[in-house]
Amino acid sequence: MRRDDLFAEVARCFVIERRPHMQGYIDCHCHISARDFDRDIDEVIKNSQKAGLLALLAVAEHAGEFDRIIDLSQRFPGFIFPCLGVHPVQEVSPGQQRGAVLQDLDAALPLIERYRDHLVAIGEVGLDFTPRYVSGDAEKDNQRQVLIRQAQLAKGTGSPSKCPFTVCGEAHHPPPERTRGRKGFAPCL
Ligand SMILES: [Zn+2]
């Protein structure tokens with residue numbers, strides 16, 4: 019599915035059919051569960067709606083955020099749509115980050131499975147080979163494995179248009195050859 023078609027499909031499924039009189043925007047990649055919004059989330063949502071936002075896709079970076087994202091989607095139904103996934107860069111302590119490994123995904127899988135019927139995408143996913151996060155081929159390969167496993171997960175979670183990826187903005191490296199062009203591979207937002 020082409021990127022434009024995918025946006026049209028998301029709009030048709032989640033917004034336009036419910037509010038055909040409205041026109042506006044969909045934020046397809048938003049870290050609204052960040053602690054920065056704890057104090058004024060209601061105001062942030064109100065202002066974004068006033069500015070013309072019709073819906074937003076809330077993405078996760080790690081399993082520790084999943085419950086909060088689901089809570090937000092229930093608190094703002096029809097406006098915040100949840101995505102769960104493992105970001106290619108994981109924070110191990112404040113200010114210290116490393117590339118994702120399969121153990122990060124193992125910790126996330128039970129929650130993704132629990133909430134799978136509520137998800138609109140697997141994300142945030144991607145590859146980030148920035149040297150300060152990833153220093154060697156083994157670490158790059160760990161990220162690739164995490165991405166591939168999540169691609170398989172997205173494919174098995176629903177139809178491609180129902181459960182695409184939402185990707186890491188820093189993932190400037192191409193996807194692994196093993197996933198590129200594969201029939202039925204989930205599209206990206
Ligand atoms: Zn992001």
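All residue numbers for the sequence shown refer to the working numbering, where the first residue is 19 and numbers rise by one.
Each residue gets a CB set at the ideal place from its N, CA and C atoms; glycine is no exception.
Classification of residue i by the beta-carbon crowding that lies within 10 angstroms, buried from 16 upward
i	result
Asn160	buried
Asp89	exposed
Arg57	exposed
Ala156	exposed
Ser153	exposed
Pro192	The pLDDT assigned to Pro192 is 42, lower than 50, so where the model puts this residue is not dependable; a value taken from the coordinates is nonetheless given after this. Its Cβ having fewer than 16 others within 10 Å, Pro192 is exposed.
Ala7	As displayed, the chain neither begins before 19 nor continues past 207, which places residue 7 out of reach and without an answer.
Arg162	buried
Pro149	exposed
Gly174	exposed
Ser177	The pLDDT assigned to Ser177 is 40, lower than 50, so where the model puts this residue is not dependable; a value taken from the coordinates is nonetheless given after this. Answer is exposed; the Cβ neighbour count stays below 16.
Contact under 8 angstroms by Cβ, residue i with residue j
i	j	result
Gly103	Ala125	no
Cys101	Leu137	yes
Ala73	Ile87	no
Asp122	Val62	no
Phe99	Ser111	no
Gly117	Tyr151	yes
Distance cut-off 7 angstroms: residue i Cβ against heavy atoms of ligand 1
i	result
His49	yes
Glu142	yes
Val164	no
Val62	no
Val77	yes
Whole-Å CB distance - residue i paired with residue j, under 8 angstroms assumed
i	j	result
Gly42	Gly82	Contact flag wrong, Cβ pair sits at about 31 angstroms.
Leu129	Phe84	4 angstroms
Cutoff 8 angstroms: residue i Cβ touching any chain B Cβ
i	result
Pro100	Among the protein chains of the structure shown there is no chain B, as only one such chain exists.
Spell out a yes or no on whether the segment 135-148 and the segment 104-117 are touching, meaning 3 or more CB-CB pairs, one atom from each, closer than 8 angstroms. yes
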